[in-house]
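One structure is given below, encoded as structure tokens.
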Amino acid sequence: MTVEPYDIEDTSDWLGCPTELETITHYKLMLENEVQELNLQLRTARENIFGLVKMYDEASTQRDEAMSNLRERSGQLAKVRKELYDLDIAARGYKREADRLRGLLDGLTPDSKTII
Numbered sequence: 060m061t062v063e064p065y066d067i068e069d070t071s072d073w074l075g076c077p078t079e080l081e082t083i084t085h086y087k088l089m090l091e092n093e094v095q096e097l098n099l100q101l102r103t104a105r106e107n108i109f110g111l112v113k114m115y116d117e118a119s120t121q122r123d124e125a126m127s128n129l130r131e132r133s134g135q136l137a138k139v140r141k142e143l144y145d146l147d148i149a150a151r152g153y154k155r156e157a158d159r160l161r162g163l164l165d166g167l168t169p170d171s172k173t174i175i
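In short: position in the sequence shown from 1, add 59, done, that's our numbering.
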């Protein structure tokens, strides 16, 4: 008895085995489900991306406002430091003048004598 190779692999008459049409239909349904799932994941990913873009825009706006505020405060700080420096120089001059006047005053008044 000679068995041909195509007879060995022919399983179409076996009970419980799907036909080629049933296999293709099942595969088509699996692909459709996968496409639906991928579309859902894509939609979710797009929503996440749009949310991230919106968050980035808000963060950029806040950063720009903070940088503007920082530059403004930096300018104010420079003014205050300049005023402090000027006041320090003036205070040193006034102290020097007060010491000079105190020395003149000490030279004009006689030393007090304390009796014990």
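The C-beta atom is built at its ideal place from N, Cα and C for all residues, glycine as well.
ask   = Out of curiosity, what's the CA-to-CA distance linking residue 131 and residue 123?
value = Here residue 131 corresponds to residue number 72 of the sequence shown, with the count starting at 1. Here residue 123 corresponds to residue number 64 of the sequence shown, with the count starting at 1. Spanning the two alpha carbons is a distance of roughly 12 Å.
query = Taking just the CA atoms, how far does residue 83 sit from residue 101?
reply = For the purposes of this step, residue 101 is taken as residue 42 along the sequence shown, with counting starting at 1. For the purposes of this step, residue 83 is taken as residue 24 along the sequence shown, with counting starting at 1. Roughly 26 Å separates the two Cα atoms.
message = Going by DSSP, what residue range makes up the alpha helix (DSSP H) through residue 78?
response = Locating residue 78 in the sequence shown gives position 19, where the first residue counts as 1. No alpha helix (DSSP H) holds residue 78; DSSP gives it neither H nor E.
request  = Please work out which residues of its chain come closer than 8 Å, Cβ to Cβ, to residue 147, disregarding the five sequence neighbours upstream and downstream, and give them in chain order.
outcome  = As a working mapping, residue 147 is identified with position 88 in the sequence shown. Cβ neighbours of residue 147 beyond the five flanking positions: none.
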